[in-house]
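Asks: So that we are looking at the same thing, I have put the structure below in structure tokens.
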């Protein structure tokens with residue numbers, strides 16, 4: 355009898371797993387070959403050396419509204435707190451049944467104690483009554499180093515603190531500038547994410563050294579952009595702790611920083627980025643009205659004639675809320691990227707969006723909250739953030755990137771500048 359019962363339980367478990375796997379396969383099969391569903395590309399908006407192709411759902415159907423609060427909105431309202439690991443004590447509203455004596459921070463098996471600071475981990479608490487949407491590539495400034503968020507995710511409302519996966523984009527500093535982190539948007543005009551050539555290393559390579567390398571290269575290119583007319587020579591980009599300068603006829607033009615965020619906020623750099631983004635951002639209301647009229651939910655991006663990226667959202671409202679910072683990130687790429695090619699056509703952009711996800715798929719997430727999937731393709735990578743929240747079960751954000759050389763995961767990618775070595779941080783004792 356016991357053997358029969360055990361067999362019955364094993365059979366039931368196997369059947370449940372089979373159904374779960376079948377449902378997962380059916381869900382994946384419900385997407386197009388690209389892994390991102392059926393979308394249609396429209397005629398592009400030209401902005402400097404960028405082409406932004408609006409994308410609409412082929413069905414024309416999108417959620418009327420979404421429940422999410424963005425990182426910028428949460429930090430501005432004070433409802434979202436981001437700190438170095440271990441620093442959230444006193445900033446979190448007490449939860450029913452919580453233990454106020456519970457230690458915070460990240461447990462170190464090496465020292466058998468809680469480590470309070472980590473380069474690639476921050477702590478975040480969402481005290482709002484809305485789920486928080488975080489996008490890979492968003493910048494938080496302050497703490498002991500500026501960081502960039504590594505992965506898309508959803509944080510439930512009024513939740514306990516979470517460990518937030520990040521990458522450093524300010525090599526060389528490990529002193530506290532402020533107890534809390536802020537988003538990069540001190541003003542709307544300054545709101546930005548890291549540019550695609552940095553974002554790809556955080557998302558796809560998931561490697562701190564590669565992120566530092568791309569930041570190092572971008573700052574050097576920005577220094578060249580900051581050089582006034584008549585400048586001679588090339589940017590001098592030293593180690594992580596050295597100032598980046600351009601030798602010009604009127605003397606050196608220093609960016610005085612190893613921080614990607616601070617370099618982007620340099621007045622000369624910011625002016626160049628704003629100039630590149632102007633057609634899409636200066637007439638923002640008009641552009642967004644056009645996108646709403648078309649029911650656009652995203653864009654495919656071409657820079658200097660190369661199709662490099664796509665960002666798609668659940669609906670037009672989410673696209674509009676991220677529009678300024680996304681456009682400025684694309685504009686930064688157009689400013690620091692060289693070369694010109696024949697502009698791609700609508701058909702080219704459609705083929706990029708529809709290119710097949712033929713390789714490996716991996717997923718992670720939080721049960722009942724979100725699923726984050728990565729799909730390998732032929733020279734592309736697709737990332738899908740799916741909400742699993744009640745009454746909000748849909749794909750919230752999709753990123754698709756093209757790897758420049760179309761090779762395998764080990765070597766494909768954007769041009770790699772000379773490696774940047776991070777100065778050692780004194781270990782926690």
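Residue numbers (the working numbering): 355 to 783.
No residue lacks a Cβ here, since even glycine has one placed at the ideal position from N, Cα and C.
Computed from a predicted model, the values in this text were never measured in an experiment.
Whose CA, out of 629, 664, 405, lies closest to the CA of residue 734?
Replies: Closest option to residue 734, Cα to Cα, is 664.
Asks: From this set, 564, 739, 535, 617, which residue's C-alpha is nearest residue 575's C-alpha?
Replies: 617
Asks: Given a threshold of 16 other Cβ atoms within 10 Å of its Cβ, counted over all protein chains shown, does residue 561 qualify as buried or as exposed?
Replies: exposed
Asks: Would you check if there are 3 or more beta carbon pairs closer than 8 Å linking the stretch 697-706 to the stretch 721-730?
Replies: no
Asks: Can at least three beta-carbon pairs, one atom from the stretch 512-525 and one from the stretch 475-486, be found at a separation below 8 Å?
Replies: With a cut-off of 8 Å, the stretch 475-486 and the stretch 512-525 count as touching, because enough Cβ pairs lie within range.
Asks: Taking the beta strand (DSSP E) that residue 650 belongs to, which residues open and close that run?
Replies: According to the DSSP assignment, residue 650 belongs to the beta strand (DSSP E) that extends over 650-657.
Asks: Taking all protein chains shown into account, do 16 or more other C-beta atoms lie within 10 angstroms of the C-beta of residue 754, making it buried, or fewer, making it exposed?
Replies: Counting C-beta atoms within 10 angstroms of its own C-beta, residue 754 has 16 or more neighbours from the protein chains shown and is therefore classed as buried.
Asks: Please state whether the Cβ-Cβ distance between residue 401 and residue 630 is less than 8 Å.
Replies: For residue 401 and residue 630, yes; Cβs fall inside 8 Å.
Asks: Exposed or buried, which one is residue 650 when buried takes at least 16 other CB atoms within 10 Å?
Replies: buried
Asks: Considering Cα atoms alone, identify which of 738, 748, 744, 747 is closest to residue 506.
Replies: 738
Asks: Could you give the DSSP three-state label for residue 355: helix, strand or coil?
Replies: At residue 355, the pLDDT of 49 sits below 50, so the modelled position is not reliable; the number obtained from the coordinates is stated separately. In this structure, residue 355 counts as coil in the three-state DSSP scheme.
Asks: If we count Cβ pairs, one from each stretch, closer than 8 Å, do we get three or more for the stretch 740-757 versus the stretch 664-675?
Replies: yes
Asks: On a CA-only basis, which of 504, 436, 685, 702 is nearest residue 496? Give me that one, please.
Replies: 436
Asks: Nearest CA to the CA of residue 684: which residue from 398, 660, 549, 472?
Replies: Taking only the C-alpha atoms, the option nearest residue 684 is 549.
Asks: Determine the DSSP secondary structure at residue 426, reduced to helix, strand or coil.
Replies: helix
Asks: With 16 other CB atoms within 10 Å as the buried threshold, where does residue 647 fall?
Replies: Exposed, by the Cβ-count rule.
Asks: Given a threshold of 16 other Cβ atoms within 10 Å of its Cβ, counted over all protein chains shown, does residue 721 qualify as buried or as exposed?
Replies: exposed
Asks: DSSP on residue 458, reduced to helix/strand/coil?
Replies: With a pLDDT of 41 at residue 458, under the threshold of 50, the predicted position of this residue should be treated as unreliable, though the coordinate-derived value follows. Correct three-state label for residue 458: coil.
Asks: Hey, how far is the Cα of residue 579 from the Cα of residue 745?
Replies: 47 Å
Asks: Taking 8 Å as the cut-off, decide whether the C-beta atoms of residue 480 and residue 504 are in contact.
Replies: no
Asks: Take residue 661 and list the residues in its own chain whose beta-carbon comes closer than 7 Å to its own, dropping the five residues that flank it on each side.
Replies: Taken in chain order, the residues that qualify are 654, 698, 702, 703, 706, 756.
Asks: Under the three-state reduction of DSSP, which class applies to residue 570: helix, strand or coil?
Replies: Residue state, collapsed to three classes: helix.
Asks: Please classify residue 726: does DSSP put it in a helix, a strand, or coil?
Replies: Residue state, collapsed to three classes: strand.
Asks: Beta-carbon within less than 7 Å of residue 397's beta-carbon, same chain only, minus the 5 sequence neighbours each way: which residues are those?
Replies: 700
Asks: For residue 629, report the span of its alpha helix (DSSP H) as first-last.
Replies: 621-635
Asks: The beta strand (DSSP E) with residue 737 in it runs from where to where?
Replies: 734-741
Asks: Between residue 508 and residue 723, how many whole angstroms is the CB-CB distance? I'm expecting something under 8 Å.
Replies: 6 Å
Asks: Could you pull the DSSP bridge partners for residue 327 from this structure?
Replies: Lying before the first or after the last residue shown, residue 327 is absent from the chain, which here runs from 355 to 783.
Asks: Whole angstroms are fine: how far does the CA of residue 555 sit from the CA of residue 500?
Replies: Their backbone Cα atoms lie some 16 Å apart in a straight line.
Asks: With a 10 Å radius around its C-beta and 16 neighbouring C-beta atoms as the bar for buried, classify residue 567 as buried or exposed.
Replies: Residue 567 is buried by the Cβ-count criterion.
Asks: Can you name the residues that DSSP bridges to residue 718?
Replies: 726
Asks: Hey, residue 687 and residue 657 are a contact pair by Cβ (cut 8 Å); roughly how many whole angstroms apart?
Replies: 5 Å
Asks: Looking at the unbroken alpha helix (DSSP H) that takes in residue 547, where does it start and where does it end?
Replies: No alpha helix (DSSP H) contains residue 547, which DSSP labels as neither H nor E.
Asks: Going by DSSP in three states, residue 555 sits in which element: helix, strand or coil?
Replies: helix
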